[in-house]
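Down below is the structure, laid out as structure tokens.
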Ligand SMILES: [Zn+2]
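Residue numbers (this note's numbering): 5 to 255.
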């Protein structure tokens, strides 16, 4: 017969005193989901997904798109009725650079300013944040960046007219002929992780993502956007924010 005996010493209970450090909440990195070119046939899906997931998103609106058809007028109404805490509406010009005639548009700074003012006034936008069509340009506090030199004068004029110009750090690219996304949500998340890691965003710890409403008319791409948002929400190091929360945008 085997007799089991315990020989282990009895722990001295009085000795063990845990020194708990005060909880330090690590500051989250901010991601700004921005969607350009609406309202159009993809806008409602984007709005529905954001509402379902209760995440903040920013739409950069083309003025004339809000009046282009009865359906788009109704979509615009839905955007304006969405809670301010979830949906922000910014200015992407009235005519989208005279219907994508970018070179001639940016050669005329006064006309550029007028086009953005027309968008602001006709839509009664509540903030002064704008995005230049077809150009990644920034005029936010100390961030001054213009991708193409020929546009510098026009973008400076926009800043002088009181606009805050927000470009983007990363684009969710799509195939322009088929309007299909080029990257899956996991690829995009990897790109985001990498940009933060390498410190390649315009403002440290802040990343502006550019997407386009029209892509999400498609059910499959819409699903991919939904997956992307769900995955972002599961990452404790990230937090989604509205454009007016970006550092330096408050006037
Ligand atoms: Zn655009």
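Every residue gets a Cβ at the ideal spot worked out from N, C-alpha and C, and that includes glycine.
Do we get a CB-CB distance below 8 Å when we pair residue 174 with the residues of chain C?
Here chain C cannot be found, since the structure has a single protein chain.
Give the range of the beta strand (DSSP E) segment to which residue 92 is assigned.
Here the question's residue 92 lines up with position 88 in the chain shown. Here the beta strand (DSSP E) through residue 92 covers 91–95.
Curious, which full-length beta strand (DSSP E) runs of at least 3 residues does the segment 94–162 contain?
With a minimum length of 3 residues, the continuous beta strand (DSSP E) runs that stay inside the segment 94–162 are 141–144 and 147–150.
Under the three-state reduction of DSSP, which class applies to residue 183: helix, strand or coil?
The residue you call residue 183 lines up with position 179 of the chain shown. It is coil, neither helix nor strand.
Identify the continuous beta strand (DSSP E) that holds residue 33 and give its terminal residues.
By one-based count along the chain shown, residue 33 stands at place 29. Taken as a continuous stretch (DSSP letters only), the beta strand (DSSP E) holding residue 33 covers 33–42.
By how many angstroms is the C-alpha of residue 158 removed from the C-alpha of residue 107?
On the chain shown, position 103 is the one that residue 107 refers to. On the chain shown, position 154 is the one that residue 158 refers to. The alpha-carbon atoms of residue 107 and residue 158 are separated by roughly 11 Å.
Give the DSSP-derived three-state secondary structure of residue 177 in the structure shown.
Taking the first residue of the chain shown as position 1, residue 177 is located at position 173. Coil, per DSSP.
Straight-line CA distance for residue 225 to residue 234?
Taking the first residue of the chain shown as 1, we reach residue 225 at position 221. Taking the first residue of the chain shown as 1, we reach residue 234 at position 230. Taking the straight line from one Cα to the other gives about 14 Å.
In chain order, what residues of the same chain lie with their CB nearer than 8 Å to the CB of residue 57, ignoring the 5 residues before and after it?
The count along the chain shown starts at 1 and reaches residue 57 at position 53. 230, 233, 234 and 237, listed in sequence order.
Would you call residue 245 buried or exposed, if buried means 16 or more other Cβ atoms sit within 10 Å of its Cβ?
On the chain shown, position 241 is the one that residue 245 refers to. Classification of residue 245: buried, given that the 10 Å Cβ count is 16 or more.
Checking 8 Å against the spacing of the C-beta atoms, do residue 41 and residue 216 come in under that value?
Your numbering for residue 41 matches position 37 in the chain shown. Your numbering for residue 216 matches position 212 in the chain shown. Contact: yes.
Closer than 6 Å from C-beta to any heavy atom of ligand 1: which residues, in chain order?
Listed by chain position, these are 40, 41, 96, 100 and 137.
Indicate whether the contact test is met: 3 or more Cβ pairs, each with one atom in the segment 104–121 and one in the segment 131–142, closer than 8 Å.
Yes, since at least three Cβ pairs between the segment 104–121 and the segment 131–142 fall closer than 8 Å, the two stretches touch.
For my contact list, residue 162 and residue 65 are in at a C-beta cut-off of 8 Å; report their separation, rounded to the angstrom.
Against the chain shown, residue 162 aligns to sequence position 158. Against the chain shown, residue 65 aligns to sequence position 61. Incorrect: roughly 16 Å between the Cβ atoms, too far for contact.
Using DSSP with H/G/I as helix, E/B as strand and the rest coil, what is residue 59?
Against the chain shown, residue 59 aligns to sequence position 55. In this structure, residue 59 counts as coil in the three-state DSSP scheme.
Once the 5 residues before and after residue 80 are set aside, which same chain residues still bring their CB inside 7 Å of it?
Along the chain shown, one-based indexing puts residue 80 at 76. Answer for residue 80: 43 and 70, listed in chain order.
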